[in-house]
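Report on one structure; see the data block that follows.
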Amino acid sequence: MDGHSSAQLHLDFRTGRPTAIDARSSSDTQRAACTSLNRERTRSILEAAQFSPPGEQIPAHVWDAAFTRRSREWELPLISLEKLGIFHDRDGLRSSNGNLIALPSGAEACPYYDPEWSVVYKLFDLRANGSLGKKISLELNDEGEFELMEGKDADLKSTLEKLAVLNEAGAHPTEIVGLSDNGDYLIAKQPLALPMKDYLQDRHTATLAICGIVPQATRLKRAITVIWVNMQPWLLADLHDRNICEIAKMNPRSLTHS
């Protein structure tokens, strides 16, 4: 899955970039094309983001010039938010035009629904006051028992890793699109998804789809799943009701008034 053919990609007219997401289907070919794009774009994003030491203060114009130069060097997709249909007012608050509909924000991202193409764009705020959610880790407590620790903020690298791993594992198809042209947002893209009907049964179905193993004897406070991707295990602990979904198979235009 290290390559993709032009037949597997389409032009995203909102971003002006090749895309593997065809909202009206979800196939192994589509997922493989997403995987290939994600690997290329993850490498470009991380390389472009590493031009200055952590915590070093540099003038804005110097940062802009360096970011633009390294973006070109690594062929990083830079997406204009205004062309995508998202704007900021004088106070920095986001709004969208009639082409995109803002959906309720989660802990990690702000989603925008495109009813014409039946896809969702997700914006992950990379600014100092933004949020990429939390990372979890499995650690031993003083009594020698495993506990989930949730005190670590997710960073750009771990968020890219999570999006790519879940796509490769068989979860909801996810494409890493690139960064906003000002460097403030990571942008991802998914087919439109809707909640399923029976949470416990649907969680079981989702676990099977990603070939997850559910430990039967734990004292953890939430359900966890272990998956094996890219020659290593991953701990998945957010299979809650808002994350159990199915790709919408109805006329997308019928959803704009619901």
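The working numbering puts the first residue of the sequence shown at 3, with every later residue one more than the last. The beta-carbon is built from N, C-alpha and C at its ideal position, and this holds for glycine as well.
Judging by CA-CA distance, which residue of the options is the nearest neighbour of residue i?
i	options	result
Lys137	Asn245, Lys154 and Asn101	Lys154
Ala35	Arg205, Ala50 and Val179	Val179
Gln203	Thr176, Asn40, Asp157 and Leu241	Leu241
Ile249	Pro235, Ala173 and Leu237	Ala173
Thr237	Gly108, Cys247 and Thr209	Before going further, note that residue 237 is Leu rather than Thr in the sequence given. For Leu237, the nearest C-alpha among the options comes from Thr209.
Asn101	Ala109, Pro117 and Asp93	Pro117
Pro193	Leu11, Arg71, Val122 and Leu95	Val122
Asp127	Met198, Gly146, Leu95 and Pro235	Leu95
Ala51	Glu145, Asn184 and Met233	Asn184
So if DSSP puts residue i in a beta bridge, which residue, or which two residues, is it bridged to?
i	result
Gly180	Ile189
Asp14	Arg19
Pro197	Cys247
Gln234	Val231
Pro113	Lys124
Ala104	Tyr114
Asp155	Lys136
Leu80	Leu181
His90	Arg96
Whose C-beta lies closer than 6 Å to the C-beta of residue i among residues of the same chain, with five residues either side of it excluded?
i	result
Cys112	Leu125
Phe15	none
Ser182	Ile81 and Leu83
Phe89	Ser97
Arg129	Asp186
Ala171	Ile212, Ile229 and Val231
Arg19	Pro79
Give the range of the beta strand (DSSP E) segment to which residue i is assigned.
i	result
Val216	Where Val216 is concerned, there is no enclosing beta strand (DSSP E), given that its DSSP letter is neither H nor E.
Arg96	Arg96 to Ser98
Asp275	This structure leaves residue 275 out entirely; the chain is present only between 3 and 260.
Buried or exposed, going by whether 16 or more other CB atoms sit within 10 Å of the CB of residue i?
i	result
Ser97	exposed
Leu168	buried
Leu13	exposed
Ser29	exposed
Lys159	exposed
Tyr201	exposed
Ile23	buried
Asn40	buried
Pro217	exposed
Leu196	exposed
Pro175	buried
Ile215	exposed
Thr207	exposed
Lys199	exposed
Arg205	buried
Between residue i and the rest of its own chain, which residues show a CB-CB distance below 7 Å, the 5 nearest in sequence each way excluded?
i	result
Thr44	Leu162, Ala166 and Ile178
Thr17	Ile81, Leu86 and Val179
Trp119	Ala25
Ala104	Ser98 and Tyr114
Arg33	Asn169 and Pro175
Arg74	none
Among residues of its own chain, excluding the 5 on either side of residue i, which ones have a beta-carbon nearer than 8 Å to its beta-carbon?
i	result
Gly57	Confidence in Gly57 is poor, its pLDDT being 45 and thus under 50, which makes the residue's placement too unreliable to answer from.
Ala156	Glu110, Leu134, Gly135, Lys136, Lys137 and Lys164
Asp243	Pro197 and Tyr201
Asp91	Ser97
Asp93	none
Note the first and the last residue of the continuous alpha helix (DSSP H) segment covering residue i.
i	result
Leu125	That residue, Leu125, is in no alpha helix (DSSP H); its beta strand (DSSP E) goes Val121 to Asp127.
Glu84	Leu83 to Leu86
Indicate, with yes or no, if the ligand ADP has a heavy atom lying under 7 Å from the CB of residue i.
i	result
Thr37	Questions concerning the ligand ADP fall outside what the structure shown contains, since it holds no ligand whatsoever.
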